[in-house]
Amino acid sequence: MSTLDDQAKESTDEAAVESTEAIQDNGTGGYIILFFILGFIASLLVGWIAFPMALYSKKEQPVAFNHALHMDEVENGCESCHFFRDDGSYSGVPKLEQCIECHEEVQGDNENEAHFVSEYVEKEREVPWLIYSKQPDCVFFSHAAHVLKAKMDCVTCHGPVGEMESLPVYEENRITGYSREVWGKNIAGLKKNSWDRMKMDDCADCHKESNNKVTSVQTEKDACFVCHK
Amino acid sequence: MSFLSFAVGGAAGTALTPMPLKLMDDSSIWTQMWPWIPVPQDGEVSYENSVCTLCPGHCGITVKKVENRVVKIEGMKGHPVNDGGICLLGLAGVQLLYGSRRVKTPLKKVNGKFVKISWDEAVTEVASTIETMREKGDAHKIGCLSGTNRGTVPELLKRLLWVCGSLNFFHMPSVQDSYEITLRMMQGGSAMAGFDLENSDHVISFGSGILDGWGSPVRMFRAHSLWREKGARFIQVESRLSNTAAKADKWVPVNPGTEGALALGIAAVIIDESLYKTDFVDNYSSGFDSWKRQVTNNYTPEIVSKITGVDKSLILLTARDFGRAKNPLALCGRGEGSIPGSIKDFKAVHALNALVGNINQQGGVWAIPEPDYINWPEPTLDEAASAGVSKGRIDGAGKGKYRLAQSLFNRLPEIVNSKASSPPDVLFVSGANPLYTIPDTVAMNEALNNVKIISFSSYMDETADKADLILPNHVFLERYEDVPASAGLNQPITGLSKPVVSPQFNTRHVGDVIIQVAKKLGGHIGDAFPWSDYKTCLEETLGDKWEALNQTGFVTEADFNPTNDMSGFKTDSGRFEFLENGSVAEVLFSSVKPEGDEASYPLTLVPFDSMRLTGGYIGNPPYLMKTVEDTVLKGNDVLVEVNPKTASKYKLADGEKAFLMTPKGKACVKIYHYEGIKPGLIGLARGLGHNVNDRFLAGKGVNVNQLMGSKEDTGSGLDAAWGIRAKLVKA
């Protein structure tokens, strides 16, 4: 009897052990899933929220500038200040020399203008504007080909800058040094408007859409050296 | 386990964020932005006209700028010298503006090392040095060496010395000095030699590197092209198959140093066969009969053939072609013309020109009047200055046997060694680098050991490095300067070098420094410099020309045309003098023997010039250095040209290293077997072997001037050495 009893007891103990292990297995799997989910969520938060915040530093332009106000004053739209030179090259951001034509002295009681005149006009220092659309040095872009020949308007690439009453905060990519405007505000690279991004794909998309085959005379295709010189 | 699952979850989540793609994109852009990658300047393009002063050619240049940065130097279209063309050195001139060789601030040597000082301290130091010399009664021991003797800057330097009490203003010698002396002897008066190259139909060059830097190099290239187009003949007389000889219609290989004898031999044939212009000889020359007798007796084709090594038939053929040409022209001065040479050679060649009647004729040699726009009032001298001036020049120039020379800086080592006259105690150096460019640099270095050198060099060159004080001048793209005359041009011209960019460093115009030093010294010295600054001085001096010079960059005399004008001879006879003062005893040719004895040094070293190397005070800019052929410089090794026959005699294989030894020095070289050089000669390029703090220039090859000696010309006192005895020993 005792032997049978003993056997019965042993079998009961084994069942108990198996049952405990089963309980323990169920608990570990839960943790694995839990930590997986935690890691997953954390990385999503980092990737979508923390990363963009860490990647870009925010900088103020040296002078507060009101495009809308100036557009009302000038006669020739954007080209009044952002003009083509006689040799067809594009002047880009205006030099102090152009600003001085109107702002040699403070005209009103705007403190931004007073700051501009005292810091730059009187000291004959060029304003170190931060350029949102600045491309890497290996990129060659002809404004003349797009604006004068293809008759594109400024807004297509630059957006409605002329309507802005203040300059947006300049977000500088800490790795590349270029503006966030090039990659686009949307960190996923999605865009709604043609001016939301300024990457190579955006150039290519537009060229494809417009069936532009004049970039390379030889191949009638968009060749590398047309833009990368 | 939990960390692993967190990491896996994190990885999976990260894959669903834009982070990997974005980081990859940013990283690729980042790798294209290394700070050492040069980025072209962006901005407005503009062009400014100026004049290049890197050689005596003085080409007009159009400088292309992007914003305030010079990006390219182009030849100025419509300029009388170069009409849009430019040479390699001029193109690479941008690197002389931005290169690392520049002296960026005034420097003073203290305990053997340069320390930075302010401009006020520098000017005060110069003024007090002059003051001390004057107080000691040693004003005459202040000297100045300038790259040129023409223009307001050399005149300001000369004036400063003069009012302080010294006449010891020197300029770097060249074939222009030899031609001026030749014209003074044969035509009288003071004039520069101009050549109507473009209108000549037959040119013989007696060793002149027409395509190797002689005269105004770009003009010479253009003239050569023109000769090809219109079928003009071009003969090169030279001991080595240079680029010029290779491009000539005929190369006459001559024994080096005997070019003058060949000119006389050609003259003898022309006289013998009555091919000379009797109209000129009979009506406008003097001493022809005596000269003719000497030439026909002593320089027959047979005799000349023996002297020159040129076949008699070739002498006859060359002479007949030259004599029968409509507008023949003979040129003289070896290589690029940095060594003046023997006056007898120049006289022989000039007499040959006269013989064919091309003096002041279309396609011939013209006497170009010296620039005359600098007319400052004579300064008053105080007692110390008068005493100093009365002691005259230390080099003897302008007196006795050196009466025809204006400046003989090559005599300085001899003066120091012989103690015949007092060597300078203080030497200003402007636009010159004598410790590199003057043959026998070792002797020159020793001669300057006890001299306080005050350098105005823009670059840390060999002389600046030895200087006690450096007051760096702006470089040619940063400063105003009048540029009178262009070497060999057939018209008077004045150019204006203009600042096309603001000074890049803490440098100052040498003209401003001179005026400031004079004002610091005050009294009669300050009074002699009434201008507030150099620009004012220049503007007032140029007067009516200033406006035109600012607009176009140059002014010429449009109505200048001396053709058929035979009234300009200012000799005693009023005619062209074939012999000096009609002297029948004048020896027409004497070979300038190379220094060294033949037994110890069986070979002869002959320096040669090239458009790819500048042998002047400015060393090769990096881009120019990249163009040097690997038959001249391989790595840092210099190659010497040796005829295969000579190489075989001394068992020197092609590419083998050897020691090149001359009485003046020794250098390690590589052998280059070259059939274009006569047996017995060793060809070595001029312009290598700089010893300066510039990795693009220093340590490359050997400076031929450290192996060369100076040989005083009996007719002028200028250096006439064309070579030196040498030997090659296996390394």
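Chains A and B supply the protein sequences, listed in that same order. All letters in the first sequence, in the order written, are residues -9 to 219 by our numbering. All letters in the second sequence, in the order written, are residues 40 to 770 by our numbering. For every residue, glycine included, the Cβ atom is placed at its ideal position computed from N, Cα and C.
query	result
Looking at chain B, which residues of the region 126 to 149 of chain A have a Cβ within less than 8 Å of any of its Cβ atoms?	Pro126, Asp127, Cys128
Looking only at its own chain, which residues have a Cβ that is under 8 Å from the Cβ of Lys34 of chain B, when we skip the five neighbours before and after it?	The shown model of chain B, from 40 to 770, leaves out residue 34 of chain B, and the question about it has no answer.
What's the C-alpha gap between Lys769 of chain B and Leu691 of chain B?	7 Å
Output the distance between the C-alpha atoms of Gly270 of chain B and Pro119 of chain B, rounded to the nearest integer angstrom.	23 Å
For Trp185 of chain A, does the three-state DSSP call read helix, strand or coil?	coil
Under DSSP, the beta strand (DSSP E) around Asp676 of chain B begins and ends at which residues?	676 to 681
Buried or exposed for Trp313 of chain B, please, with buried defined as at least 16 other CB atoms from any protein chain shown within 10 angstroms of its CB.	In the sequence under discussion, the amino acid at residue 313 of chain B is Ser, which differs from the Trp named in the question. Answer is exposed; the Cβ neighbour count stays below 16.
Would you report the Cα separation of Pro212 of chain B and Phe617 of chain B, rounded to the nearest angstrom?	25 Å
For the alpha helix (DSSP H) that Gly562 of chain B lies in, which residues bound it at each end?	562 to 566
If the cut-off is 9 Å on Cβ atoms, which residues from the region 49 to 60 of chain B count as contacting chain A, listed in chain order?	Gly49, Ala50, Ala51, Gly52, Thr53, Ala54, Leu55, Thr56, Pro57, Met58, Pro59, Leu60
For Pro408 of chain B, tell me which candidate among B:Pro531, B:Thr357, B:Gly296, B:Lys632 has the shortest Cα-Cα distance.	B:Pro531
Pick out whichever of B:Pro379, B:Ile310, B:Glu375 has its Cα sitting closest to the Cα of Asp648 of chain B.	B:Glu375
Between which two residues does the alpha helix (DSSP H) containing Glu787 of chain B stretch?	No answer is possible for residue 787 of chain B: the residues shown for chain B start at 40 and end at 770.
Check the Cβ of Phe25 of chain A against every Cβ in chain B and list those closer than 7 Å, keeping chain order.	Ser41, Ser44, Phe45, Gly48
Please report the distance separating the alpha-carbon of Ile274 of chain B from that of Asp235 of chain B.	16 Å
To the nearest angstrom, how far is it from the Cα of Asp76 of chain A to the Cα of Glu83 of chain B?	10 Å
Please decide whether Trp38 of chain A counts as near chain B, where near means a Cβ-Cβ distance under 8 Å.	yes
Is the Cβ-Cβ distance between Trp38 of chain A and Thr56 of chain B less than 8 Å?	yes
The alpha helix (DSSP H) that contains Ile346 of chain B, what's its start and end?	340 to 347
Going along chain A in order, which residues have a C-beta closer than 7 Å to the C-beta of Val84 of chain B?	Asp77, Ser79
Which runs of the beta strand (DSSP E) at least 3 residues long sit entirely within the region 279 to 328 of chain B? Give them in chain order.	289 to 292
On the DSSP letters alone, give me the boundaries of the beta strand (DSSP E) that Phe593 of chain B sits inside.	593 to 595
Ignore the nearest five residues each way along the sequence and tell me which others in Ile90 of chain A's own chain have a CB closer than 7 Å to its CB.	Val111
Check whether the Cβ of Gly29 of chain A lies closer than 8 Å to any Cβ atom in chain B.	yes
Look at the alpha carbon of Leu652 of chain B and the alpha carbon of Thr317 of chain B, and state the distance between them as a whole number of angstroms.	44 Å
Suppose you measure from the CA of Val142 of chain B to the CA of Asn121 of chain B; what does that come to, to the nearest Å?	31 Å
If you measure from the beta carbon of Gln71 of chain B to each beta carbon in chain A, is any gap under 8 Å?	yes
Determine the direct distance from the alpha carbon of Gly754 of chain B to that of Val320 of chain B, and round the result to whole angstroms.	24 Å
Considering only residues of the same chain and omitting the five flanking positions on each side of Pro452 of chain B, which have a CB-CB separation below 8 Å?	Asp479, Ala482, Met483, Glu485, Ala486, Ser749
Rounding to the nearest angstrom, what Cα-Cα distance links Pro416 of chain B and Lys116 of chain B in this structure?	37 Å
Which one or two residues does DSSP pair with Gln275 of chain B in a beta bridge?	B:Ser244, B:Trp290
Given Val626 of chain B, which residues of its chain have a CB within under 8 Å of its CB, disregarding the five upstream and five downstream residues?	Lys383
Whole angstroms is fine: what's the gap from Lys609 of chain B's alpha carbon to Gly227 of chain B's?	4 Å
Quick check: the region 418 to 425 of chain B against the region 657 to 674 of chain B, are there 3 or more CB pairs under 8 Å?	no
Counting along the chain, where does the beta strand (DSSP E) carrying Asn545 of chain B start and finish?	Segment: none, Asn545 of chain B is in no beta strand (DSSP E) and carries neither H nor E.
DSSP three-state label for Leu146 of chain B, please.	strand
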